[in-house]
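Chains as they are written, first to last, in the numbering used here: chain A, 1 to 112; chain B, 113 to 228.
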């Protein structure tokens with residue numbers, strides 16, 4: 001079993017839809033949770049960073065962490081074609097966010 | 113945000129040759145940098161942690177003699193793939209964490225290596 005599980009998709013939605021992306025994990029020691037966006041042939045770009053359980057909102061993006069269920073989510077409201085990318089969840093046991101365990105990534109396509 | 117630059121962006125090399133990839137933090141110092149590898153449609157896998165002035169720490173299953181890491185300064189780490197083979201073809205990405213105390217690690221744009 002992988003430490004972090006993420007459905008690779010692809011996920012296709014119409015413009016304006018609410019997108020829900022999810023990851024599950026098995027390591028209860030994970031404390032820091034991140035979502036990255038990666039465009040084709042580019043490095044990952046940090047979208048959201050959350051410590052422990054709870055919600056965090058930033059513009060159209062909301063990250064949720066439920067440590068009791070070992071489940072994290074990223075919601076994208078009013079999705080745009082420019083949101084089309086691969087979204088990777090990542091986790092760390094410590095605040096040393098360089099050493100991350102990534103999910104496989106979910107490919108999202110937002111159609112105009 | 114901080115900028116991490118990787119060079120080259122892509123490289124094609126012959127089997128048996130060595131390839132060096134550079135990772136630079138352009139506007140901050142990074143005592144620690146990280147090297148990841150990403151195969152098509154797969155996740156990023158941490159290969160090693162690069163420490164300025166000391167030996168790199170390799171993840172289980174990564175051959176340290178094949179993937180040579182040198183972190184000679186606070187702004188530069190290099191990864192050399194020695195005696196490359198077609199199965200080494202992958203997307204190599206580095207990240208660097210600002211020594212200034214920010215928790216975020218910034219990623220380079222990646223290097224696509226193709227071994228023919």
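Just so you know, even glycine gets a beta-carbon here, dropped at the ideal spot from N, CA and C.
- Residue 216(B) and residue 77(A) have their C-alpha atoms spaced approximately 24 Å apart.
- Within the segment 166 to 183 of chain B, no residue has a Cβ lying closer than 8 Å to any Cβ of chain A.
- By the criterion of a C-beta distance shorter than 6 Å, residue 86(A) is surrounded in its chain by 38, 105 and 107, once the five residues flanking it on both sides are discounted.
- A contact is defined here as three or more CB-CB pairs under 8 Å, and the segment 125 to 138 of chain B meets this definition with respect to the segment 186 to 203 of chain B.
- Put simply, the CB of residue 205(B) is near chain A, with a gap under 8 Å to one of its CB atoms.
- Residue contact with chain A for residue 141(B): absent (no Cβ-Cβ distance below 8 Å to any residue of chain A).
- Excluding five sequence positions before and after residue 172(B), none of the CB atoms of its chain fall closer than 7 Å to its own CB.
- Secondary structure note for residue 107(A): its beta strand (DSSP E) is the uninterrupted segment 106 to 111.
- Excluding its 5 nearest sequence neighbours in each direction, residue 177(B) has C-beta neighbours in its own chain below 8 Å: 194, listed in chain order.
- Against chain B, the beta carbon of residue 88(A) has neighbours under 8 Å at 155 and 156, listed in chain order.
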